[in-house]
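Protein chains in written order, with the numbering used here: chain A, 3 to 427; chain B, 53 to 369; chain C, 491 to 651.
We treat Cβ as the ideally placed atom computed from N, Cα and C, and that holds for glycine.
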Amino acid sequence: MTIAVIALFFIFLFLGIPISLVLAITSLSYLFLGDLTTLMSSAPQKMFSGLDNFGLLAVPLFMLAGELMNGGGITKRLVAFAKVLIGHYRGGLAYVTVIANMFLASILGSANAQAAMMSKVMVPEMEKEGYTREFSSAITLASSIVAPIIPPSMLFIIYGTLTGASIADLFMAGIIPGILLGIGFIIVIGIMNHKQQFPKSEKANWKTIVKTFLQVIPAMLIPFTIIFGILGGVFTPTESASIACVIAFIIGFVYRELKLKSLPTILVNTVVNTATISFLIVTANLFGFIIAYEKIPQLVAESMLSLSDNPLVFLLLVNLFLLLVGTVLDGIAALIILVPVMMPLLVTYQIDPVHFGIIICINLTIGLLTPPVGTGLFIVSSIAKVKFERLVIAIMPFLGMAILILLILTYWEDAVMWIPSLYKD
Amino acid sequence: DESNASGDSGEQKEAEGKTYNFKLAHIAPPDHIWNEAAKKFAEELETRSDGRMKMDLYPGGQLGGEPDMVQQLETGSLDFGFITTAFLTSRSDAFSAWFAPFLFDSYEAAFEAKGSDVSKEILATLDDQGLRALDIFFSGNRTMMFREKIETPEGMKGLTLRVTPSPALQDWYRYLGANPESISLPDVYQAAQTGVIDGMEMDLDAAVTSNFNEVTGYAAMTNHMVWPSVMIANGKNFDAMPEEDQKIIREAMAAASEYATMKRSSLEEEYVKTLTDRGMVLYDMDESLFKSYMEKFDEEYKAKDPLIKEFIETFRK
Amino acid sequence: MNTLSGWIESIEKVIAMILIASMTIVIAAAVLFRYLLNAPIFWASEASIFMMAWLTFIGGSLGLKYKSQASVTFLVDRFSDNGKRVFEIVSYVIILIFMALLLYLSYQWVFSSSHQKSTSMRIPMWIPYLSVPVGLTFAFIHLLNNLVNLFKKKQQGGEPL
Ligand code: NA
Ligand code: NA
Numbered sequence: 003m004t005i006a007v008i009a010l011f012f013i014f015l016f017l018g019i020p021i022s023l024v025l026a027i028t029s030l031s032y033l034f035l036g037d038l039t040t041l042m043s044s045a046p047q048k049m050f051s052g053l054d055n056f057g058l059l060a061v062p063l064f065m066l067a068g069e070l071m072n073g074g075g076i077t078k079r080l081v082a083f084a085k086v087l088i089g090h091y092r093g094g095l096a097y098v099t100v101i102a103n104m105f106l107a108s109i110l111g112s113a114n115a116q117a118a119m120m121s122k123v124m125v126p127e128m129e130k131e132g133y134t135r136e137f138s139s140a141i142t143l144a145s146s147i148v149a150p151i152i153p154p155s156m157l158f159i160i161y162g163t164l165t166g167a168s169i170a171d172l173f174m175a176g177i178i179p180g181i182l183l184g185i186g187f188i189i190v191i192g193i194m195n196h197k198q199q200f201p202k203s204e205k206a207n208w209k210t211i212v213k214t215f216l217q218v219i220p221a222m223l224i225p226f227t228i229i230f231g232i233l234g235g236v237f238t239p240t241e242s243a244s245i246a247c248v249i250a251f252i253i254g255f256v257y258r259e260l261k262l263k264s265l266p267t268i269l270v271n272t273v274v275n276t277a278t279i280s281f282l283i284v285t286a287n288l289f290g291f292i293i294a295y296e297k298i299p300q301l302v303a304e305s306m307l308s309l310s311d312n313p314l315v316f317l318l319l320v321n322l323f324l325l326l327v328g329t330v331l332d333g334i335a336a337l338i339i340l341v342p343v344m345m346p347l348l349v350t351y352q353i354d355p356v357h358f359g360i361i362i363c364i365n366l367t368i369g370l371l372t373p374p375v376g377t378g379l380f381i382v383s384s385i386a387k388v389k390f391e392r393l394v395i396a397i398m399p400f401l402g403m404a405i406l407i408l409l410i411l412t413y414w415e416d417a418v419m420w421i422p423s424l425y426k427d
Numbered sequence: 053d054e055s056n057a058s059g060d061s062g063e064q065k066e067a068e069g070k071t072y073n074f075k076l077a078h079i080a081p082p083d084h085i086w087n088e089a090a091k092k093f094a095e096e097l098e099t100r101s102d103g104r105m106k107m108d109l110y111p112g113g114q115l116g117g118e119p120d121m122v123q124q125l126e127t128g129s130l131d132f133g134f135i136t137t138a139f140l141t142s143r144s145d146a147f148s149a150w151f152a153p154f155l156f157d158s159y160e161a162a163f164e165a166k167g168s169d170v171s172k173e174i175l176a177t178l179d180d181q182g183l184r185a186l187d188i189f190f191s192g193n194r195t196m197m198f199r200e201k202i203e204t205p206e207g208m209k210g211l212t213l214r215v216t217p218s219p220a221l222q223d224w225y226r227y228l229g230a231n232p233e234s235i236s237l238p239d240v241y242q243a244a245q246t247g248v249i250d251g252m253e254m255d256l257d258a259a260v261t262s263n264f265n266e267v268t269g270y271a272a273m274t275n276h277m278v279w280p281s282v283m284i285a286n287g288k289n290f291d292a293m294p295e296e297d298q299k300i301i302r303e304a305m306a307a308a309s310e311y312a313t314m315k316r317s318s319l320e321e322e323y324v325k326t327l328t329d330r331g332m333v334l335y336d337m338d339e340s341l342f343k344s345y346m347e348k349f350d351e352e353y354k355a356k357d358p359l360i361k362e363f364i365e366t367f368r369k
Numbered sequence: 491m492n493t494l495s496g497w498i499e500s501i502e503k504v505i506a507m508i509l510i511a512s513m514t515i516v517i518a519a520a521v522l523f524r525y526l527l528n529a530p531i532f533w534a535s536e537a538s539i540f541m542m543a544w545l546t547f548i549g550g551s552l553g554l555k556y557k558s559q560a561s562v563t564f565l566v567d568r569f570s571d572n573g574k575r576v577f578e579i580v581s582y583v584i585i586l587i588f589m590a591l592l593l594y595l596s597y598q599w600v601f602s603s604s605h606q607k608s609t610s611m612r613i614p615m616w617i618p619y620l621s622v623p624v625g626l627t628f629a630f631i632h633l634l635n636n637l638v639n640l641f642k643k644k645q646q647g648g649e650p651l
């Protein structure tokens, strides 16, 4: 019976049915085939209760803040600022892409959104200075994966609501890994630069530096408000998101780029984009209920333990498994489906849920860069008009670096847990 | 597999030969006293029925939160659940009676009160919802924990305190002049750490397991409210059982309730010592200081439901 | 069919705008009230969770209409346009059958929830619960409309989707 249902799951999935509906349909089929029809009347309640979590409200709020900033001309100001800082070095614009992505990551929470925004701005600019389109697209896409690692982060919010891990701790824990990823990509560019001599821009004068700096300050209010607001106990991550919206709204008008008549589109987009995540949570909650009812997480835990009782071996196996999953199912969908099954394992192996959260989120974000299904690859290849296959080849050095950093962070727990530990004493 | 609980599979056999495979769920973690109550209940069922009644346990909210569990108890996806009175007040107002402040001064007193007629009448208010609330056990009497030492109820005026989102509990703090906030449990540590809240209403076991002593250094040992967990069965399945089997269940529950309540009571000293050793300051705040606020609570809540009135009048000395 | 689906779409958009705007305002106001006026809004978090439920089911319905919900298409994409259309029709039929079942279950669930009140505001739970059947009903109409359009296109000589 279980095998029949697993087969149905993959049939529905590969038919191209939206993943959210695949989860609901598979769940109902299971109840039918397994003669568990009493449980059917609990299905709507289980769907509804997937949303009964204050932390989840941060998803639409951070999305709205991002949409408001996007309409507000934030990207080009961040790029301009990074450019006057380091643009005049050899390979400067490549470094600018990484740095600007890190800045933007402190405002946005989704790699896909960020890859779309950045590739519109950076790829044409880099091409103009003489970089190849493949390389420009690859570096833009690779560095966009810091978006859900540097706070705020949709992935951390969802992981926190699924596991009960503190979202504030996850946010703080993401800072160092996000910076490490950025540094890793800078090292890759440095090595390539050494071999093939990238172009450089002209050095900016002091007046320009001051001007671009002043222009970027309002935008940087958002990350400062989020990080110091949470660290200082002014508000919870969810509340910080609503304040970020207020700030983004005001900044949009300060920059004179946000128009009142574009507000309805922004609001509707936010709701539709939120629902692509939250509707998935709704049906995954039903799916998770059936998995729990049949005690599948405990079975997984037992068979894992029979393989090894060493936490590090376990984490390496998890990483390998997730990288494989990430080739066909990336980001939030994979997170929502897999985390409920893996939770009991954390207790068994005594792994900190925050450390695990960082590992699993980086891993599934890397999935955005791996073929055949890599959402990030799709987005950037269509926006920057690069052939999918050529982008895949160009991304390889960065993909290798991201996996290396994932492994370092898996082993080196302190790098993740240091900042959250700061406000614990 | 035939894990379905209702026991219809045994129809061919004699009624007394009927076997059951029950499912019990609750929201407390596996190492919590609630789960000990659940294990004890399962053991008692098995021995008292000579192995005919087996039970699968789902601790830690595996099947969902309290609204989910109660819905599953209504429909029969679940056979038994332990549900807090704090949640049940949203199903039936009468359960608020248990939150009248300073009504019981020990676990034993509360345990005795559950046998009273009025307590049984309150349980029976769930009957027409397809639920059979059969018994109660007690754990986690409420204390108040603060970031700064608060010595009188008046000192709580204007403080933001984390209180379980149930109107009776929140109203009590409003009467005291505090601002009750319902922050979800995983966020409480950080909220207290950073000062989003000035303190919380909490029980000692949670303070021990979640290290709340690190973020709230002071605990007023008010023990002002008890924390009853109601043992609920699915109505349809329970009513369909032969009387002897119903009796086995009731007796097994009573044994589990006594075991858990008394065990929790005996742990009180140990928890106090653990928290003191960790550097938390535990102190008394006398009941008499709260007199006018208690009167206010009694007056407001007696008016809400005749059963609450009867309950308070029976147990208020 | 197209008209009905379009009409529902406009209603959904208006509801969506109101929901997200009020949710943002309520949560931001809750912070201000706690700090500036030292008087927390006790219903803020429960009310916003209920708004999130409505937002999810209304937004989910719109997302299904716009086909913006994530799906795995790399296998289907290997087929010709006609092959893809067959897969799409099969998918829609499967979805609609299960959606009908889910609709039945969720209306039954809402009508049986008369005993319940919310924990903090004490409003009847059917108010947030109704988001499930209403959102799914709207989604059902959009999906049916998409299916009808698929058949229409075939009659017109099969334009690629
Ligand atoms: Na981010
Ligand atoms: Na991938």
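Given residue i, which residues of its chain have a CB within under 7 Å of its CB, disregarding the five upstream and five downstream residues?
{"i": "M65(A)", "result": "T272, N275 and T276"}
{"i": "F281(A)", "result": "S22"}
{"i": "A306(B)", "result": "D187"}
{"i": "S551(C)", "result": "E502, G625, F628, A629 and H632"}
Can you find the residues in the same chain that come closer than 8 Å, C-beta to C-beta, to residue i, ignoring five residues on each side of it along the sequence?
{"i": "I579(C)", "result": "L637, L640 and F641"}
{"i": "K91(B)", "result": "L109"}
{"i": "I405(A)", "result": "L325 and I368"}
{"i": "L337(A)", "result": "L157, I160, Y161, L164, I362, C363 and L366"}
Less than 6 Å between C-beta atoms, sequence neighbours within five positions excluded: which residues of the same chain meet that for residue i?
{"i": "I300(B)", "result": "R100 and S101"}
{"i": "A543(C)", "result": "P618 and S621"}
{"i": "I235(B)", "result": "R214 and A243"}
{"i": "S309(B)", "result": "D187 and F189"}
{"i": "Y413(A)", "result": "none"}
Since residue i meets chain B, which of its residues come closer than 7 Å, beta carbon to beta carbon?
{"i": "T40(A)", "result": "T127, G128 and S129"}
{"i": "Q352(A)", "result": "Chain B residues near Q352(A): none, gap ~13 Å exceeds 7 Å."}
{"i": "S51(A)", "result": "G116, G117, P119 and D120"}
When DSSP builds the beta bridges, which residues end up paired with residue i?
{"i": "F198(B)", "result": "G251(B) and Y270(B)"}
{"i": "R575(C)", "result": "Looking at the DSSP assignment, R575(C) forms no beta bridge with any residue, so it has no partner."}
{"i": "Y110(B)", "result": "A77(B)"}
{"i": "M283(B)", "result": "F134(B) and D187(B)"}
{"i": "K607(C)", "result": "P614(C)"}
{"i": "L213(B)", "result": "P232(B) and G251(B)"}
{"i": "S129(B)", "result": "None, per the DSSP bridge assignment."}
{"i": "P20(A)", "result": "S561(C)"}
{"i": "Y37(B)", "result": "Outside the shown range of chain B (53 to 369) lies residue 37(B), about which nothing can therefore be said."}
{"i": "M344(A)", "result": "DSSP lists no partner for M344(A)."}
What residues of chain A sit near residue i, judged by a beta carbon separation below 8 Å?
{"i": "T563(C)", "result": "G18"}
For residue i, return the contacting residues in chain C, with the cut-off set at a CB-CB distance below 8 Å.
{"i": "L70(A)", "result": "Those within 8 Å of L70(A) in chain C number zero; the least Cβ separation is about 10 Å."}
{"i": "F281(A)", "result": "T546, F547, G549, G550, G553 and Q559"}
{"i": "F56(A)", "result": "S535, S538 and I539"}
Residue i touches chain A at which residues, Cβ-Cβ below 9 Å?
{"i": "G573(C)", "result": "Neighbours of G573(C) on chain A: none; closest Cβ ~11 Å, over 9 Å."}
How would you list, in chain order, the residues of chain B whose beta-carbon sits under 8 Å from the beta-carbon of residue i?
{"i": "F237(A)", "result": "V248"}
Measuring only between beta-carbons, confirm whether residue i sits less than 7 Å from chain D.
{"i": "T278(A)", "result": "Here the protein chains are A, B and C, and chain D is not one of them."}
What in chain C is Cβ-close to residue i, meaning under 9 Å?
{"i": "V327(A)", "result": "Under the 9 Å cutoff, chain C gives no residues; its nearest Cβ is about 12 Å from V327(A)."}
Output, in chain order, the set of chain C residues within a Cβ distance shorter than 7 Å of residue i.
{"i": "T274(B)", "result": "In chain order: nothing, as chain C lies at least about 22 Å away."}
Original post:
What does the shell around ligand 2 hold, if a residue joins when its beta-carbon is under 6 Å from any heavy atom?
Top reply: A distance filter of 6 Å between CB atoms and the heavy atoms of ligand 2 selects the following residues in sequence order: G328(A), T329(A), D332(A), G369(A), T372(A), V375(A) and G376(A).
Original post:
Curious, which full-length alpha helix (DSSP H) runs of at least 4 residues does the segment 132 to 178 of chain B contain?
Top reply: Counting only runs of 4 or more, we get 137 to 140, 159 to 165 and 169 to 176.
Subject >> Every unbroken alpha helix (DSSP H) inside the segment 117 to 193 of chain A [4 residues or more] >> reply: Entirely contained in the segment 117 to 193 of chain A, the alpha helix (DSSP H) runs reaching 4 residues are, in chain order, 135 to 146 and 156 to 165.
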